[in-house]
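**Q** Chains as they are written, first to last, in the numbering used here: chain B, 80 to 915; chain F, 20 to 85.
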Amino acid sequence: MKKFCMKLKHLKIVGFRGFNAERTIDFHEKLTIISAPNSYGKTSITEALEFVIFGETSKVAHAQSKEEYRGSYRNRHYPADRPAVIEAIFEDTVEGTFVLQVELDASGNVRRFMNGELVTEWPFSQKLIGAAPPFVLQHALKNLLLVPPSERFQGFARLLGLYDVDAIQQVLVNLCTKPEANIPEKVRQALSDFRSLEDRLSTFQELQPIVKDFKRGPVGIDGAYKKVQARAEKLLGKKLKAAELLSAIVSARDESASKIYAGTVAIKPMSPPEQVRLSSLREKVLAGASAPFLETYSRLGARDATDRLKQEAQLLAIGTELLINQPDTCPFCGQVLDEELRKHIASRYEVVKSKVGTEVGKGDPRNQIAQDLSILRSSLNDYQELLEQRSGDLLTATKTENENTVRSLFGRDNEVSWKIVQTARTTITPHLEALQKARAGAEEALKNCEAALQSNKEDVSQAEALGSSIQLYMSTADKYSSKLDDLESLLLGPARLLRQAIDSTAGTTELSTLIELLEKKVMIERVLRIREVLEGLKELKKHIDQTVGEVMEAAIGTDLTGSVMSWYAKIRTKGDPDVHFSGFAMERTKAGDFKSKKVKVGAKSYGVELSSAVSSLSESKLNALGLCMSIATALRAPGPWEFLILDDPIQSWDEEHEVQFIEVLRSLVEKENKQVILLSHRDQWIDQVSLGCRTINGLRNRITGYTQEGPHIALVDWATVDQRLREAQSIACDPKALPVRLQQAEEEIRIATCQLTAEIAKKKLGRDRSPHNLNSKDVRAILIEAKCPPSLVDRVVATFGTTDDAHHAPKDYQPSAERVRQYHGTLLELRKWGDS
Amino acid sequence: MSEDEKKLDHQNYGASSRVEEFLDAVGKKTNNKVHHRILRACRHRDPTTCVEEELKKVIEEILYET
């Protein structure tokens, strides 16, 4: 990946945000100031740069409702058929000059160009990941400090380039805190049923130790079931083997309960062995309708003809053998045989032999078919029985002779459950009747086949009827089973209520609970394991919170706090009350663990720790703190840029602090080598900034007005000609002035020369020339055209002699106070001539 | 997610070194095999979907264990 170290040179904006008509802004390599009253388009400049680099503005990125910002990037007065354009020219120390251009059409489509070539992303886009944005913005500061600690964490994570850690932490924590959202419905139901079972166990003092064992998770299961056995043996008053435990308890329970009511209203669930058996029976039944079976059956009739052929072949074989000795007489009837008849006998024998050949060696399949039909009937009976028994309890409970008993057991409070039972019966009855009818149809077809088999009158139609009846039976059975599955869960509640009512009346509640424990042992063991997994996620969340706390504390701890403190110290004044920011930390519990993603901003008042800087510091100090944080993080996690944009940093500060902040700007430019772009609505303060940064000699733009066209931007002088000449003279007259100061004095002279020349061009030629774009040739041409005396022109242009157009001094350059004094005199002369 | 999509996801997603370090640090704090499975899944697949899938898989393995 190429290394990028971009400085901003030039920006063109048209049709974007507050900019309708095309506007351009040049940027100084060190410090550019843009001043304007509020709402004159300053922030549109910042947003244009955000949009170029990131594809969206931070205001939109952090907006609660993106809908409100839809279509807000384009200027409302800009023609819809033209794309809004932002063009930024960057100077890169390695890559040289390059142009990034973004076009935004009225439909919101964005096209990016680099040096005129369409690109899908910027070549430095990978470097944006993890980099702190180069924008210090008021709303970003508010988002960072004046928000709840958890949101502050996210702001810090973004600012420190830890967004990916924050994102994965969120994903994992969501999983750990709401795992139920990700588990199958069957498991959810099983967990709920188990909780309900635990509640019921807890109602029996003697069974409470079992609940305690379950609370231990899968390791407690053995202990729990030993206690179940012990309790059952005590209740039944005898020692029991584990294998006979369940049946013994069921017998005891049913014996007592049968005095009240012996049945249930549940659809009988299929146990795993029953499911295996049902599946095996289904295969056997379907074999009765399979093509090979039916084909074999259909061929039984044809089989009889084969048998007759075999007998004929045997007869012909004997006759042919006997004819060898008496070829002229029939060995069976004594008739005289002529040649023609002998040939006919020989020919018939060959034909019959060849027809019989393929069938020779095969036994009679009738016995096998009879056996298969018998298996089919038995399978059908078993299959039917298994299916019918599922709904047997429900139908029995709703029979006239039981109806009153069952209904009264439900009681008036559970009338709804009784209605569910009745509806279930009404639903299943037609399906059961259809099943029984289909079974009768299959039986009839089966009997027809058996009768035909006995009388050797099998034919295809019987086989077809059998196949169809079995297919019909199976499809009816599937519908019936499916309906039962639907009703099974629906009737669980009523069945449980009925069981409770019976147990309550019969005094068998505890026995039933033990039975449930034993019947559901496998599922309980699985539920405990699943519960252990889900419980374990809480522990995982704790580890994640601790780790993210460590990562964040490492990021915000000593280094960032120290860095923010050092910037904050530059803004502090001697008269400030000693109530200040004291550092960042992750909030911790009393036990010393990190609180989940909570960043604490500390503060101290005369050495005493305050609860939080956010609640304790004044708005101006919080604003200062936010600025320092943004600056510190921008320096800590740099992106592929050297510039830093400060958008209206001064808010609710007094004059003393405003002046202090100028030191921050100088440090950024001179010590951190940042290209600073400062936007402010405070013109008076901007004057102080340009004065305080006199020697930086940056560029100063002033937005002088705003119309439908957009802002009117004018480039203004960093310092007046008088200021520059005074500066140059004071340096030249200072005997202790170092070479670097003398070199700076020459630079002041050259800038003053350009400014004076631009004034002369305006006054004498009526031409607007920007002093910032003039070089020695331009100066000479303007002065000659303005009819300046040639000797003065030569001396003025000589002020450029010790530097080239790029302001680079030659290798043998030696600064000289005398030369500065001479240049100073020349410029005074030029001004005098210009004023004449 | 189809098998093809999973493959694509696997090819496209790679945890950053910072995320890898984070997952390592969490992993060192626990001996729980399920935790390690979930953390491992985050390394090669998009975590927004894979952590849920991995948990479902763990649960279904228990539920349908023969």
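Just so you know, even glycine gets a beta-carbon here, dropped at the ideal spot from N, CA and C.
Values in this document were obtained by computation on a predicted structure and should not be read as measured data.
1. Could you tell me which chain F residues have their CB closer than 7 Å to the CB of B/R608, listed as they occur along the chain?
2. Within this structure, are the beta carbons of B/I113 and B/L758 separated by less than 8 Å?
3. Would you mind reading off the limits of the alpha helix (DSSP H) that contains B/R859?
4. Since I believe B/L569 is in contact with B/A519 (beta carbons under 8 Å), could you give me their beta-carbon distance rounded to a whole number of angstroms?
5. Using the Cα positions of B/P869 and B/A837, report the straight-line distance between them to the nearest angstrom.
6. Would B/V244 count as contacting chain F if we go by Cβ distances under 8 Å?
7. Buried or exposed: B/F879, going by 16 or more other Cβ atoms within 10 Å of its Cβ?
8. Going by other Cβ atoms of all chains shown within 10 Å of its Cβ, with 16 needed for buried, is B/L376 buried or exposed?
9. Which residues mark the beginning and the end of the alpha helix (DSSP H) in which B/H736 is found?
10. Thinking C-alpha only, which one of B/A840, B/A366, B/N446 and B/L704 is nearest B/T640?
11. Quick one: is F/L27 buried, meaning 16 or more other Cβ sit within 10 Å of its Cβ, or exposed?
12. Give every residue of the same chain whose Cβ lies closer than 8 Å to the Cβ of B/V439, excluding the five residues on either side of it in the sequence, and list them in chain order.
13. Rounded to whole angstroms, what is the Cα-Cα separation between B/V643 and B/S746?
14. Can you pull the chain F residues whose beta carbon is under 8 Å from the beta carbon of B/G615, in chain order?
15. Quick check on B/G440: does DSSP put it in helix, strand or coil?
16. Within the 8 Å Cβ cut-off, does B/R605 reach chain F?
17. Are the CB atoms of B/G342 and B/T475 nearer to each other than 8 Å?
18. When DSSP labels each residue in this structure, what does B/Y552 get in the three-state scheme?
19. Determine the extent of the alpha helix (DSSP H) in which B/E629 is found, giving its start and end residues.
20. Under a Cβ-count criterion, where at least 16 other Cβ atoms within 10 Å of its own Cβ denotes burial, should B/S583 be classed as buried or exposed?
21. Which residue marks the beginning of the beta strand (DSSP E) containing B/N780, and which one marks its end?
22. To the nearest angstrom, how far is the alpha carbon of B/I454 from that of B/Y462?
23. Under the three-state reduction of DSSP, which class applies to B/T176: helix, strand or coil?
24. Between B/S271, B/P351, B/V364 and B/A574, which has its C-alpha nearest F/Y83's C-alpha?
25. Quick one: grab the DSSP three-state call for B/V344.
26. Can you have a look at B/I499 and say buried or exposed, based on whether 16 or more other CB atoms are within 10 angstroms of its CB?
27. Say whether chain B places a C-beta atom closer than 8 Å to the C-beta of F/R37.
28. Nearest-angstrom Cα distance between B/E200 and B/L906?
29. For B/F489, is the classification buried or exposed, using 16 other Cβ atoms within 10 angstroms of its Cβ as the cut-off for buried?
30. What are the start and end residues of the alpha helix (DSSP H) that includes B/K676?
31. Quick check: the region 303-314 of chain B against the region 523-530 of chain B, are at least 3 beta-carbon pairs closer than 8 Å?
32. By the criterion of Cβ-Cβ separation under 8 Å, what are the contact partners of B/Q625 in chain F?
33. Does the distance from the CB of B/W797 to the CB of B/S769 come in under 8 Å?
34. Quick one: what does DSSP say B/L835 is sitting in, helix, strand or coil?
35. According to DSSP, which residues form a beta bridge with B/H89?
36. Rounded to whole angstroms, what's the CA-CA distance from B/T408 to B/E537? Just pull it up for me.
**A** To lay it out plainly:
1. I81
2. yes
3. S855 to E864
4. The pair is not a contact, with the Cβ atoms about 29 Å apart (cut-off 8 Å).
5. 18 Å
6. yes
7. buried
8. Before going on, a small fix: residue 376 of chain B reads as Tyr here, not Leu. Answer is buried; the Cβ neighbour count reaches 16.
9. E734 to R745
10. B/L704
11. Here F/L27 scores only 43 on pLDDT, less than 50, and its place in the model should not be relied on; the value that follows carries that caveat. So F/L27 counts as exposed.
12. Its pLDDT being 46, under 50, B/V439 is placed unreliably by the model, and nothing is read from it.
13. 14 Å
14. N51, V53 and H54
15. Note on B/G440: pLDDT 46, under 50, position unreliable in the model; the coordinate value appears next. B/G440: coil per DSSP, three-state reduction.
16. yes
17. yes
18. helix
19. K600 to I635
20. exposed
21. L778 to T786
22. 12 Å
23. strand
24. B/P351
25. coil
26. buried
27. yes
28. 51 Å
29. buried
30. First-last for B/K676: F673 to S684, but that is the beta strand (DSSP E), not the alpha helix (DSSP H).
31. no
32. K48
33. yes
34. helix
35. B/D105 and B/I168
36. 41 Å
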